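Here is the structure we will look at.
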Amino acid sequence: YGLQLDQVIQGVASSNSLVAAGNLEGSEGKYAVKVPSLIETPEEVANLPVVATPNAVVQAKDVATIRSTFKDAETVTRLDGRPAIAIEVKKRIGANLIDTLTHVREVSDNFIKTMPEGMHVTYTQDKSVFVNQLLGDLQNHVMIAVILVFIVILYALSGRASLLIGLAIPSSFLMGILLLAMMGYTINMIVLFSLILAVGMLVDDAIIVTEFAERRMSEGMPKADAFALAAKRMAGPVVAATMTRIAFSPLLFWPGIIGDFMKYMPITLIVTLSASMLYALVFAPTLGAIFAKAPEHHEEGNRDGWYMAVVKQAVRFPI
């Protein structure tokens, strides 16, 4: 027929469009009128005129085979050597990865019920597995840090004082996490890492108050009066010590996406250390007034005797 491929493509494309037919004006407005000329069946494509001459009309079916099929594949996806359809799901910025995956699984579980036999859904490159493993490791590290701190306190102080001070860790964690939840924050890697940083500092305020109270109790003061005096006298040092430890506040003003990500650390440290200060000034004196016991001091058999011996020698022979 002497046709070029571009002529066939142009003829089919020009016959598959909406044709503007003017405007229709009415009492409610003006509307555009278009005549639909869209291809819907293979037969319509086959009967399209490509070239018309005085002697004959060349239709698409005269120069090509018309059949209903799929568009040629531009990419091929296979899973374990079998054809597959890949759907990539990305979470929004700031969204929780675990919650996003949970919703995706709910949608896919409902879709599986309607799939033909022989088809199944497989999850690949699931980042939540790594995140869950990392969160589990951080939780274990938090528990190990708590145990180590409690062991050190138990070695250095009496049993009841160690228990009274050790309660500062879970109490501060609980109050801090509740405050974070009230602020709309969830537990993530930065929060758990911040808790690990804060473990050793949570007991400082309680140690100050408890040690002062035990010293007064060893001098004969009743335990209720001793802890009341400790909360009053040590309020200033405790508040000052807490304020100096909150040195992460400038991170709150870090701009950009990194700032949105790192703000969890200063917020977590601020709320947990503030909770430890509240425990030391309110709850520790209350609990100490109930079950505290005056310590017995034995200077000669004290386990800190080696330290005092070093101090005495240093004082006797100053450099």
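Residue 83 in this note's numbering is what sits at position 69 of the sequence shown, and the numbering runs on without skipping anything. Every residue, glycine too, gets a C-beta built ideally from N, C-alpha and C. Model, not experiment: these values are computed from the prediction.
CA nearest to the CA of residue i, picked from the options
| i | options | result |
| --- | --- | --- |
| Val65 | Thr286, Lys85, Gln18 and Thr91 | Gln18 |
| Leu301 | Met157, Gly180, Ala35 and Arg106 | Gly180 |
| Met215 | Leu287, Ser28 and Glu233 | Leu287 |
| Ala141 | Leu115, Ala159, Ala254 and Arg119 | Note that residue 141 is Lys in the sequence shown here, rather than Ala. When each option's Cα is compared against that of Lys141, the closest is Leu115. |
| Glu57 | Ala35, Lys48 and Ser82 | Ser82 |
| Ala294 | Ala109, Thr136, Thr282 and Ala255 | Ala255 |
| Asn110 | Asp86, Met291 and Phe275 | Phe275 |
| Ala212 | Val145, Ile191, Ala78 and Ser41 | Ile191 |
| Val135 | Ser51, Pro97 and Gln24 | Pro97 |
| Ile165 | Val217, Gln327 and Val77 | Val217 |
Local conformation of residue i per DSSP, three classes
| i | result |
| --- | --- |
| Leu52 | coil |
| Glu314 | Its pLDDT being 49, under 50, Glu314 is placed unreliably by the model, and the measurement read from it follows with that caveat. Here Glu314 sits in coil by DSSP. |
| Arg229 | helix |
| Arg96 | strand |
| Tyr45 | strand |
| Ala175 | helix |
| Leu38 | strand |
| Ser31 | strand |
| Pro280 | helix |
| Pro269 | coil |
| Asp274 | helix |
| Arg330 | helix |
| Phe150 | With the sequence shown as reference, residue 150 is identified as Gly, and Phe is not the correct amino acid for it. It is helical. |
| Gly190 | helix |
| Lys141 | helix |
| Tyr169 | helix |
Interface flag, residue i vs chain C, CB-CB below 7 Å
| i | result |
| --- | --- |
| Met248 | The structure shown has no chain C; it contains just one protein chain. |
Beta-carbon proximity list for residue i, same chain, < 8 Å, skipping 5 on both sides
| i | result |
| --- | --- |
| Met235 | Leu243 |
| Lys105 | Leu111 and Thr114 |
| Thr91 | Pro97, Ala98, Ile99 and Ala100 |
| Ala238 | Ala303 |
Spatial neighbours of residue i in its chain, beta-carbon cut-off 6 Å, leaving aside the 5 residues before and after
| i | result |
| --- | --- |
| Ser176 | Ile167 and Leu168 |
| Ala220 | Ile179, Ala182, Ala294 and Ala298 |
| Ser290 | Ala182, Ser186, Leu216 and Asp219 |
Sequence-distant residues of the same chain with beta carbon closer than 7 Å to residue i, five excluded per side
| i | result |
| --- | --- |
| Glu314 | Legend: pLDDT at Glu314 = 49, less than 50; position of this residue unreliable, value from coordinates given subsequently. Answer for Glu314: no residue qualifies. |
- Message: Tell me whether the segment 123–133 and the segment 147–157 touch, counting them as touching only if at least three CB pairs, one residue from each stretch, are closer than 8 Å.
- Response: no
- Query: Residue ranges of each alpha helix (DSSP H) run of no fewer than 4 residues wholly in the segment 218–265, ordered along the chain?
  - Reply: 218–232, 237–247 and 249–259
- Query: For the segment 63–138, which segments carrying the beta strand (DSSP E) assignment without a break, of at least 3 residues, lie completely within its bounds, in sequence order?
  - Reply: Listed in chain order, the beta strand (DSSP E) elements of length 3 or more contained wholly in the segment 63–138 are 63–66 and 71–73.
- Query: With a cut-off of 8 Å, do at least 3 Cβ pairs link the segment 182–200 to the segment 277–291?
  - Reply: yes
- Item | Contact between the segment 245–254 and the segment 191–208 (3+ Cβ pairs under 8 Å) | no
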